[in-house]
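K.L.:
The working numbering puts the sequence shown at residues 1000 to 1248.
Sharing a structure with you now.
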Amino acid sequence: MDSTDHILIVDDDPGIRELVAQYLRKQGLQVSSAADGPQMRAVLATQRIDLVVLDLMLPGIDGIGLCRELRSPGLPHLPILMLTARSDEADRILGLELGADDYLTKPFAARELLARIRAVLRRTRMLPPNLAKAEPVSQIGFGDWRLDTTARHLLDVDGAVVALSGAEYRLLRVLLDHPQRVLTRDQLLNLTQGRESDVFDRSIDLLISRLRQRLRDEAREARYIKTVRNEGYVFCAAVSSSGRHRETA
């Protein structure tokens, strides 16, 4: 991570803003802060920001609304690390689906926040480990489905488009890259989000459930994603790719 990376902290608690800013500056980072959406927009309009630390609970437009705003079509990708309470599980999932790159639950240690910031910046500046190989530039087929890797959506047997969130796409790509292999929740989190789970983390289970809905896949009679009890999940369908391939570094 470059020492000149500029981090924007968006949190309505001035104590948290100041403590986090002081710590990150000691680590050689440039830091700006904002208490709400209008202040965030003002900073983004005048300064180059490399990553936003975005609190979920904010006055006016909350973190979910601001995350949606930052992921509006046409805007360049700005890494987002969302801060949430442990009770905000549904909102954490929604934030990831809207395009947040990671989340951290309150209370948190400053060193953990720094580690997450570094991991998110590292992932945005290089291909994820599971994609660091020959990557299909067109489509991946499995069962009655095709995944368009350019448009990042699904096509059913009739050619109808099924939209995927960013989190759903990343999870499906990992599963398709490792067919017939049991992947634990920790492995799935690490491959899709670059982190490990904790005992409260059910984000992968919820994303698997949403992905099954997209694929019209019944958990009890799964054609694509099977649950392996006490282990994780396995993509059990045959996978084929089409189109030209390009080598990625």
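Virtual Cβ for every residue (Gly too), placed ideally from N, Cα, C.
The structure displayed is predicted, hence computed values, not measured ones.
Need the endpoints of the beta strand (DSSP E) that G1140 sits in, please.
P.N.:
Q1138 to F1141
K.L.:
Specify the secondary structure class of L1205 as computed by DSSP and reduced to three states.
P.N.:
helix
K.L.:
Name the DSSP beta bridge partners of K1225, please?
P.N.:
K1225 is bridged to V1233.
K.L.:
For a quick check, are the C-beta atoms of L1146 and L1174 less than 8 Å apart?
P.N.:
no
K.L.:
Tell me the residue span of the beta strand (DSSP E) that contains R1145.
P.N.:
W1144 to D1147
K.L.:
Could I get the ranges of all uninterrupted beta strand (DSSP E) runs contained in the region 1076–1118, with 3 residues as the minimum, in chain order?
P.N.:
1079–1084 and 1101–1105
K.L.:
Are the beta-carbon atoms of L1028 and D1004 separated by less than 8 Å?
P.N.:
yes
K.L.:
Please state if the CB of A1162 and the CB of H1152 are separated by a distance shorter than 8 Å.
P.N.:
yes
K.L.:
So E1088 and R1201 are supposed to be a Cβ contact under 8 Å. How far apart are they, rounded?
P.N.:
7 Å
K.L.:
Would you call the region 1075–1084 in contact with the region 1094–1104, where contact means no fewer than 3 C-beta pairs closer than 8 Å?
P.N.:
Result yes; three or more Cβ-Cβ pairs closer than 8 Å.
K.L.:
Can you tell me the Cα-Cα spacing of L1187 and Q1021, whole angstroms?
P.N.:
33 Å
K.L.:
Cβ atoms of A1236 and R1215: under 8 Å apart, would you say?
P.N.:
no
K.L.:
In angstroms with no decimal places, state the Cα-to-Cα distance between T1149 and S1137.
P.N.:
6 Å
K.L.:
Find the nearest neighbour of Q1026 within the set D1157, A1109 and S1208, judged by alpha-carbon distance.
P.N.:
The shortest C-alpha to C-alpha distance from Q1026 to any of D1157, A1109 and S1208 is the one to A1109.
K.L.:
Alpha carbon to alpha carbon, how far is C1066 from I1006? Give it in angstroms, no decimals.
P.N.:
16 Å
K.L.:
Note down the Cα distance separating G1239 from D1090, rounded to an integer number of angstroms.
P.N.:
Note on residue identity: the sequence assigns Ser, not Gly, to residue 1239. Their Cα atoms are separated by approximately 35 Å.
K.L.:
Quick one: give me the first and last residue of the alpha helix (DSSP H) that V1173 is part of.
P.N.:
G1165 to D1176
K.L.:
Using DSSP's beta-bridge definition, name the partner residues of S1240.
P.N.:
I1139, per the DSSP bridge assignment.
K.L.:
Apart from the five residues just before and just after L1113, which ones in its own chain have a Cβ nearer than 8 Å to its Cβ?
P.N.:
A distance below 8 Å between beta-carbons, with the five flanking residues on each side excluded, links L1113 to the following residues of its chain, in chain order: Y1022, L1023 and Q1026.
K.L.:
Taking all protein chains shown into account, decide if D1157 is buried (16 or more other Cβ within 10 angstroms of its Cβ) or exposed.
P.N.:
exposed
K.L.:
Can you give the Cα-Cα distance for A1034 and I1116, rounded to whole angstroms?
P.N.:
Rounded to the nearest angstrom, the two C-alpha atoms are 19 Å apart.
K.L.:
Quick check: does the Cβ of Y1223 come within less than 7 Å of any heavy atom belonging to the ligand PLP?
P.N.:
Among the ligands in the structure shown, none appear at all, so the ligand PLP cannot be discussed.
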